[in-house]
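Encoded as structure tokens, the structure appears first; notes follow it.
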Amino acid sequence: MEFQKYFQSYEDYFWEWDNQIFSEESVFETITIPNGQTIGYEKFVFEILEYLSDDCIPPFGTLLLAIVATNPENEQAIEMIHSLVRSKNIVTAFPQSQSFRVGASIDFLKLLSSLPNEYKVGEKRMKLFQTIFHECHNRVSSEKAKNLLDEYKDYRHHLLKTAEKSPFNEANFRKDFRTLALLKVKFPTVQSILNAMESIPHDDLNDTLDEEILEEKNLSDNVTDFVDQLIEEDKTFHVGSLIKRLWSGLNIPLHHNHPSEQPLGGISDLTNKGDFDKLVISEFAYDDDVFMSRIANNEALYIQREVPPEADKFRRILLIDNTLKNWGNPKVLAFASAIAIARHPKTDIECQVYVVGEDYKEVSVENVSEVINSLTELSSKLSCSAGLDSFFAENKINSKNQEVFLFSSEESLKLAPMQNAMSTYFYDIKYVFAIGMQDINVFRNQNKGKKLLQHIIMPLEELWVRNNKEIKIVDVVESLDIYSLPLLYPVERFYYNIFQDGNVFYQCLGRTLFMFQNNYEFNKALKKIISNAALSGKGEFALKTNPDRERILLNYYFFEGMHNISFLNLEINELRSQKLRKENLPEKNLLAFEARGMFYLTDNINYWLLNDDFTIVAIKGENMKLAYDDYFEKRANFIRDYKASRNKYKTIKRLNTFAIDKNVLLINGYYLRSLKFEKETIIYGPDDMIFLNEKVNLILKNRGKSAIEIIKIIKNNTDNDLKEAKEIVDMELSVVLSNVTKEIAEKLKKKIEAAGAICYIETVFFEAEDGSRVSNKDGILIFESSDTHIEKFYIPFVINTQSAMVSIDESAGNQFFISEEYKQINTTLERFEEKYLKPFIQNIIDHGA
1 MEFQKYFQSY EDYFWEWDNQ IFSEESVFET ITIPNGQTIG YEKFVFEILE
51 YLSDDCIPPF GTLLLAIVAT NPENEQAIEM IHSLVRSKNI VTAFPQSQSF
101 RVGASIDFLK LLSSLPNEYK VGEKRMKLFQ TIFHECHNRV SSEKAKNLLD
151 EYKDYRHHLL KTAEKSPFNE ANFRKDFRTL ALLKVKFPTV QSILNAMESI
201 PHDDLNDTLD EEILEEKNLS DNVTDFVDQL IEEDKTFHVG SLIKRLWSGL
251 NIPLHHNHPS EQPLGGISDL TNKGDFDKLV ISEFAYDDDV FMSRIANNEA
301 LYIQREVPPE ADKFRRILLI DNTLKNWGNP KVLAFASAIA IARHPKTDIE
351 CQVYVVGEDY KEVSVENVSE VINSLTELSS KLSCSAGLDS FFAENKINSK
401 NQEVFLFSSE ESLKLAPMQN AMSTYFYDIK YVFAIGMQDI NVFRNQNKGK
451 KLLQHIIMPL EELWVRNNKE IKIVDVVESL DIYSLPLLYP VERFYYNIFQ
501 DGNVFYQCLG RTLFMFQNNY EFNKALKKII SNAALSGKGE FALKTNPDRE
551 RILLNYYFFE GMHNISFLNL EINELRSQKL RKENLPEKNL LAFEARGMFY
601 LTDNINYWLL NDDFTIVAIK GENMKLAYDD YFEKRANFIR DYKASRNKYK
651 TIKRLNTFAI DKNVLLINGY YLRSLKFEKE TIIYGPDDMI FLNEKVNLIL
701 KNRGKSAIEI IKIIKNNTDN DLKEAKEIVD MELSVVLSNV TKEIAEKLKK
751 KIEAAGAICY IETVFFEAED GSRVSNKDGI LIFESSDTHI EKFYIPFVIN
801 TQSAMVSIDE SAGNQFFISE EYKQINTTLE RFEEKYLKPF IQNIIDHGA
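The numbering of the sequence shown is UniProt numbering, which starts it at 1 and goes up by one.
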């Protein structure tokens with residue numbers, strides 16, 4: 001009875017059990033919002049309950065609300081839940097006194113949604129739930145929680161009864177939402193949650209396994225791979241393409257050895273700690289189990305004498321000036337020089353990197369995403385002298401084991417405050433990189449003067465060329481890549497985050513920016529402009545076109561006393577952001593809008609001009625109010641007309657099954673006939689069907705407590721060596737297996753989870769025997785045939801309306817999804833099927849029948 005009461009679903013409520021499958025591991029596939037997004041897979045939800053059961057578990061609805069708030073692109077789901085609790089049925093079911101609690105619950109959902117992304121995935125997400133639900137209101141004790149989970153494991157079919165919805169229950173609603181409202185009191189800010197999480201003890205691999213044993217030293221091929229990754233990423237291409245040239249030209253010492261570290265030979269050089277390349281060869285004579293045991297217990301022998309305790313580790317400190325005169329080329333050259341020194345394949349010197357402006361801040365350059373984040377750290381000050389004062393006041397430099405490098409532009413170094421700083425900290429700064437627009441002068445401070453070591457000229461026109469073509473500033477949708485497909489996107493209806501630049505309207509959904517086609521007619525789907533991890537999908541948006549014809553997107557929101565402002569250049573995908581606390585701005589959220597090619601902020605009474613350098617100027621006058629009224633009136637009229645338009649449909653963004661039934665495609669139980677996806681009530685036997693094989697990735701979500709065991713399982717069951725297996729275990733949401741069958745993934749998943757870890761499987765594509773593939777990207781089916789004579793083509797996976805078929809050259813079907821930008825030839829459905837779809841199907845039949 002307790003089991004059914006805890007997991008019971010209700011009518012007119014925000015969640016329901018969906019898609020009964022009754023497999024060995026699950027009764028239902030997912031828990032979803034009715035007519036809305038997926039909350040989570042059944043197995044994933046029960047994995048969270050298992051994780052929390054050692055302490056206590058919250059009400060089931062409360063847990064689902066927290067999962068919704070920490071899901072990616074959750075704005076729509078939270079808005080649907082908010083609309084539900086304000087709906088007529090629920091409002092009339094509760095006294096007015098409950099409205100505050102409901103509001104506080106939604107506020108807490110938004111608070112969870114605004115947490116940094118790293119706390120909403122993997123093990124940190126589990127610890128987040130553990131933190132907020134520890135001793136929460138209406139909790140279920142650990143003993144009762146384990147009884148519920150035991151019943152689920154032994155009698156999964158009991159879950160079927162809970163899917164039969166009971167009438168809406170006021171007490172259950174109050175329990176679920178009131179628990180969240182009380183958490184809002186306990187955790188009023190994001191920082192309060194993060195602070196609470198830091199106090200929770202947790203097992204770490206370092207507690208049971210010395211990283212120095214299993215982790216190999218960064219070898220040169222790993223470093224060059226990192227540089228190649230920087231070159232492949234558009235945001236870091238300009239930095240990455242300079243590093244190898246700097247390696248060949250920089251004349252900076254790469255090694256630092258204390259006298260006591262010089263090798264003597266013989267037994268005195270043997271140690272129990274070292275790198276794999278220094279293992280004594282006799283260690284490999286042991287069998288696998290003994291070898292693993294010797295490594296884990298620090299018994300293996302390495303040819304490298306340990307450094308005596310009194311020998312301090314040598315460290316380099318790299319200070320990068322990020323003030324106004326260092327923006328543009330000097331910033332790129334500075335970061336490239338710093339990374340070239342810190343990540344040189346032959347260096348053995350530890351480096352710390354800081355950006356210095358009005359203050360100083362440590363940044364990391366260990367991976368591509370960290371480099372991207374570091375490049376966005378900018379200061380609007382003219383010089384970094386104040387930041388240097390702060391740094392040296394708080395960090396005493398010992399020249400015996402520390403070297404300080406300063407990277408700054410030639411113009412900045414000529415300023416009087418910088419001249420004073422260079423004089424004051426002459427003995428603390430050893431190397432100065434004076435950076436021009438295309439060259440670098442390297443100086444060393446010595447003997448009360450500075451000596452020019454090198455003058456490096458960087459041929460940027462030559463180095464900033466990709467694939468033998470010079471990079472040009474073009475609209476990001478002009479070339480077909482993973483971010484852009486040759487058709488308009490099947491975006492479902494939402495009416496928030498809509499804004500305009502002149503007469504062109506845009507909408508930001510999640511981390512993607514879309515543009516409306518044929519404004520006010522609404523006879524076309526949306527055009528995808530850009531996807532950027534920096535887009536939060538929250539706050540205020542505005543867009544302007546600068547004098548260079550570049551579109552600049554503004555994202556503004558107020559949080560914890562700070563005005564957060566970001567400028568994203570849509571042509572080069574470059575982001576600049578700052579957090580401001582200005583005396584002339586009120587401490588509350590403001591509205592953002594564009595007028596006459598400039599950005600403005602307002603509280604409906606006062607107006608402020610927001611300049612490109614993040615300076616803010618108060619503006620007065622009747623003309624400003626007229627511009628503001630005109631902007632918001634135009635937007636309100638557009639949204640009103642958008643709501644009244646009739647083109648509404650549902651988009652399916654996930655592939656579950658794919659088969660061919662008598663030359664007809666059967667996808668997720670929908671038959672594709674005449675470009676309409678139709679759900680069949682009767683599915684005939686599979687005898688004559690050809691099923692495509694699902695290819696999946698196995699993702700490690702939580703390594704559990706026995707990291708050594710997980711490493712061993714991955715090493716023994718995959719092509720990964722010991723070091724690679726450890727990297728998989730250390731990394732959040734790492735891929736254990738990629739592009740394998742579901743059976744293979746399930747088999748390894750059971751082994752890993754038997755050792756206490758948590759995995760999940762994600763579908764990548766469906767593949768036929770001949771190698772043809774079908775995948776789903778953002779609700780668009782992508783068909784790739786193994787026959788190279790059959791071009792790739794695309795079909796929006798939409799129901800309740802006719803779809804379309806599109807190749808790079810031709811299109812057919814619903815013109816709503818056809819983009820005029822690609823100038824495809826409009827042909828008949830019969831001709832398109834004869835040229836693309838039927839050959840695609842026949843090729844599969846010929847190989848798979």
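Quick reminder that beta carbons are idealized off the backbone N, C-alpha and C, glycines included.
DSSP places Leu591 in the uninterrupted beta strand (DSSP E) bounded by 591-595. Inter-segment contact for the region 317-330 and the region 345-357 is present: three or more beta-carbon pairs are separated by less than 8 Å. For the set Asp778, Phe783, Ile699, Lys777, the Cα lying nearest the Cα of Glu767 is the one of Phe783. Leu148 sits in a helix when the DSSP states are folded into three classes.
For Asp359, same chain residues with a beta-carbon under 6 Å away, outside a window of 5 residues either side, are Gly387, Ser390 in chain order. Taken in chain order, the whole beta strand (DSSP E) runs of length 3 or more contained in the region 400-465 are 402-409, 431-435, 439-446, 449-457. Minimum Cα-Cα distance from Thr236 among the listed residues Met197, Leu115, Phe291, Ile339 corresponds to Ile339. Taking the Cα of Arg576 as reference, the smallest distance to any Cα among Phe433, Ser374, Trp464 is reached at Ser374. Looking at the backbone, the Cα of Gly510 and that of Val491 are separated by about 12 Å.
Uninterrupted alpha helix (DSSP H) stretches at least 4 residues long and entirely within the region 574-657 occur at 622-644, given in chain order. With contacts defined by Cβ atoms closer than 7 Å, Phe108 and Leu183 form a contacting pair. Taking a C-beta distance under 7 Å as the contact criterion, Ser383 and Leu415 qualify as a contact pair. Per DSSP, the continuous alpha helix (DSSP H) segment holding Asn172 begins and ends at 170-186. Taking Thr718 as the centre and dropping the five residues before and after it, the same chain places the C-beta of Ala725, Val736, Leu737, Leu748 closer than 8 Å to its C-beta, in chain order. C-alpha of Phe817 to C-alpha of Ile498: approximately 20 Å in a straight line.
In the three-state reduction of the DSSP assignment, Glu79 falls in the helix class, which pools H, G and I. In this structure, the alpha-carbon of Val371 lies about 40 Å from that of Phe522.
Rounded to the nearest angstrom, the Cβ distance from Glu694 to Lys742 is 5 Å, consistent with a contact under 8 Å.
Counting other Cβ atoms within 10 Å of its Cβ, Ala171 stays below 16 and is therefore classed as exposed. Pairing Phe168 with Ser734, the inter-Cα distance amounts to about 41 Å. For Gln8, there is no enclosing alpha helix (DSSP H), as DSSP marks it with neither H nor E. In the assembly as shown, Ile457 is an exposed residue. Its beta-carbon has fewer than 16 other beta-carbons within 10 Å. The Cβ atoms of Glu762 and Asn668 do not sit closer than 7 Å to each other. Beta bridge pairing from DSSP links Tyr302 with Thr271, Leu279.
When the five nearest sequence neighbours on each side are left out, the beta carbons in the same chain lying within less than 7 Å of the beta carbon of His238 are those of Val332, Trp464, in order along the chain. Straight-line spacing of the CA atoms in Lys527 and Asn138 works out to 46 Å. Here the alpha carbon of Ala595 sits roughly 8 Å from the alpha carbon of Tyr631. Taken through DSSP and simplified to helix, strand or coil, Lys742 comes out as helix.
Residue burial annotation: Thr189 is exposed, with fewer than 16 other C-beta atoms found within 10 angstroms of its C-beta. DSSP, read as helix, strand or coil, puts Gln500 in strand. Between the alpha carbons of Ile78 and Ala69 lies a distance of about 7 Å. Nearest to Asp778 by C-alpha distance, out of Gln517, Leu655, Gln20, Ile710, is Leu655. By alpha-carbon distance to Ser803, the top candidate from Ile429, Leu672, Lys124 is Leu672. Pro253 counts as exposed, since fewer than 16 other C-beta atoms from the protein chains shown sit within 10 angstroms of its C-beta.
The continuous alpha helix (DSSP H) containing Glu830 extends over residues 829-832. In the DSSP annotation of this structure, the continuous segment of the alpha helix (DSSP H) that includes Tyr51 starts and ends at 42-52.
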